[in-house]
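Trainee:
2 protein chains.
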Amino acid sequence: MDANLPPGGRLADFLPYQLSVTSNAVSSLIAERYRVRFGLKIPEWRVMAVLGDAGTMTQRALTDATLMDKVAVNRACKVLEDRGLIARRPNTDDGRSHLLELTAEGRAIHGEVMPLAREIEAEIFSTLGETECEQFRELLSRVFRQAGRMRPATRS
Amino acid sequence: MDANLPPGGRLADFLPYQLSVTSNAVSSLIAERYRVRFGLKIPEWRVMAVLGDAGTMTQRALTDATLMDKVAVNRACKVLEDRGLIARRPNTDDGRSHLLELTAEGRAIHGEVMPLAREIEAEIFSTLGETECEQFRELLSRVFRQAGRMRPATRS
DNA sequence: TCGATACGGTTTCTAATGCAACCAATGGTG
DNA sequence: CACCATTGGTTGCATTAGAAACCGTATCGA
């Protein structure tokens, strides 16, 4: 990051900028790999990851679990449903929502997708040692909470 | 981040995901503050930051310095020019490009903008100590370089 | 000098993202 | 039971980001 910037460039020292470009680089890298291999976009992949892990949930629960917008979740679910990777069942407890779960095919994909995810993760963070990874996690978590604390009171 | 996720949620342990949501939270926080106070969007702010620091450069140099797309730079410059914050001079060395620099008004805004940037940065990362901040920077930098190394050879 | 190629910048088009309005169902209150 | 506020989900719309096509200038080699 420093290499392609003129010396004395203050923008490059701005932490939110470093955070942004790094996240961007990592995200687009992963997005590309998922796209070529499974035809999945990141929101779709996130939904599958959570469903494969938790079993059955509503869209509402998915928005909580993925921290994505509810329309992003809705669209991802629609795509996955059209591809036959997830199925909707009526929710007897609440007629407004449906219960979503992976189909057999969905579970099969999930079984392939998750190892790839771990693989990519391991490759990207291979430059960090074990303890550094944990520390990175910890720092991110704290920054995230702090940002949440600073947000001007908007909760849907 | 852990609080609003069901226990055993594997997505929440996925480092790229943590990186993404954290970056997102920080970015939207900053974007909001700049919007209400200066009517500047992040790309515009970045251009101003670099110009205020480096003095005079072409759009091409700006894309290198900000790591933004060249059309993003172009649009940001157009907006800033319309607002009278930057000016274009013909480039005698190369007729294709222009030399961009802050106007007097632009420098005035820049003088207000940068302290606010540092202020927000300090607030967000106040949860991290001095050495932790430096370490966070270092880790981000390494991850960024690693992501660059893994990218499948596409450079415009 | 001429031609081909590359490059900076601009415009245009299309995909993605987010927001707000909207519909249907629920739950509480009188 | 009627009313109303709330919630899950959906749709439509506006804004944004990115890709590709395009134009004029520069550069390099014959």
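Those sequence lines, one after another, are chains A and B.
If you read the first sequence in the numbering used here, its first letter stands for residue 1, the second for the next number, and so on.
If you read the second sequence in the numbering used here, its first letter stands for residue 1001, the second for the next number, and so on.
Ideal placement from N, C-alpha and C gives every residue a C-beta, glycine not left out.
#1: In the structure shown, what three-state DSSP assignment does ARG37 of chain A receive?
#2: Assign ALA1012 of chain B to one of two classes, buried (16 or more other C-beta atoms within 10 Å of its C-beta) or exposed (fewer than that).
#3: So what does MET57 of chain A bridge to, in DSSP terms?
#4: Which of the residues in the segment 1140-1153 of chain B, read from start to end, lie with their CB under 8 Å from any CB of chain A?
#5: Run down chain B in chain order and give the residues with a C-beta less than 9 Å from the C-beta of ILE124 of chain A.
#6: Are the beta-carbon atoms belonging to ILE1124 of chain B and LEU1029 of chain B less than 9 Å from one another?
#7: Listing by chain order, which chain A residues have their CB less than 9 Å from the CB of SER1097 of chain B?
#8: Which whole runs of the beta strand (DSSP E) in the segment 82-146 of chain A are 3 residues long or more, in chain order?
#9: Using a 10 Å radius around the Cβ and a threshold of 16 neighbouring Cβ atoms, would you call ARG1046 of chain B buried or exposed?
#10: Under 8 Å by Cβ, that's how I've got LEU1080 of chain B and GLU1044 of chain B pegged, so tell me the actual separation to the nearest angstrom.
#11: In chain B, which residues lie with their C-beta within 8 Å of the C-beta of LEU29 of chain A?
#12: For ARG83 of chain A, decide whether its Cβ has a neighbour in chain B, counting only Cβ atoms nearer than 9 Å.
#13: Within the 9 Å Cβ cut-off, does ALA1108 of chain B reach chain A?
#14: Using a Cβ-Cβ cutoff of 7 Å, what residues of the segment 1027-1061 of chain B are near chain A? List them in chain order.
#15: Are THR1103 of chain B and LEU19 of chain A close, meaning C-beta to C-beta below 9 Å?
Mentor: Straight from the coordinates:
#1: Here residue 37 of chain A is taken as the residue at index 37 of the first sequence, counted from 1. Three-state result, ARG37 of chain A: helix.
#2: Locating residue 1012 of chain B in the second sequence gives position 12, where the first residue counts as 1. Result: buried.
#3: Taking the first residue of the first sequence as position 1, residue 57 of chain A is located at position 57. Within the DSSP bridge table, the entry for MET57 of chain A names A:LEU100 as partners.
#4: Residues of the segment 1140-1153 of chain B with a C-beta less than 8 Å from any C-beta of chain A: LEU1140, SER1141, ARG1142, VAL1143, PHE1144, ARG1145, GLN1146, ALA1147, GLY1148, MET1150, ARG1151 and PRO1152, listed in chain order.
#5: Reading the first sequence from its first residue, position 124 is the one you call residue 124 of chain A. Within 9 Å of the CB of ILE124 of chain A, the CB atoms of chain B belong to LEU1015, PRO1016, VAL1143, GLN1146, ALA1147 and MET1150, in sequence order along the chain.
#6: Position 124 of the second sequence, counting from 1, holds the residue named residue 1124 of chain B. Position 29 of the second sequence, counting from 1, holds the residue named residue 1029 of chain B. Yes. Within cutoff.
#7: If you number the second sequence from 1, residue 1097 of chain B lands on position 97. Chain A residues near SER1097 of chain B: none, gap ~17 Å exceeds 9 Å.
#8: Segments of the beta strand (DSSP E) lying fully in the segment 82-146 of chain A: 86-90 and 98-102.
#9: For the purposes of this step, residue 1046 of chain B is taken as the residue at position 46 of the second sequence. With 16 or more Cβ atoms within 10 Å of its Cβ, ARG1046 of chain B is classed as buried.
#10: Here residue 1080 of chain B is taken as the residue at index 80 of the second sequence, counted from 1. Here residue 1044 of chain B is taken as the residue at index 44 of the second sequence, counted from 1. 6 Å between Cβ atoms; contact.
#11: Looking up residue 29 of chain A in the first sequence gives position 29. In chain order, ALA1147, MET1150 and ARG1151 make up the part of chain B whose C-beta sits under 8 Å from the C-beta of LEU29 of chain A.
#12: Taking the first sequence and counting its residues from 1, one reaches residue 83 of chain A at position 83. For ARG83 of chain A, no CB of chain B lies under 9 Å from its own CB, so it is not counted at the interface with that chain.
#13: As a first step, residue 1108 of chain B is located in the second sequence; it is residue number 108 there, counting from the start. Residue contact with chain A for ALA1108 of chain B: absent (no Cβ-Cβ distance below 9 Å to any residue of chain A).
#14: Using a CB distance below 7 Å, the part of the segment 1027-1061 of chain B facing chain A consists of SER1027, LEU1029, ILE1030, ARG1046, ALA1049, VAL1050, ASP1053 and ALA1054, ordered along the chain.
#15: By 1-based counting over the second sequence, the position of residue 1103 of chain B is 103. By 1-based counting over the first sequence, the position of residue 19 of chain A is 19. With respect to LEU19 of chain A, THR1103 of chain B sits apart: the two C-beta atoms are not nearer than 9 Å.
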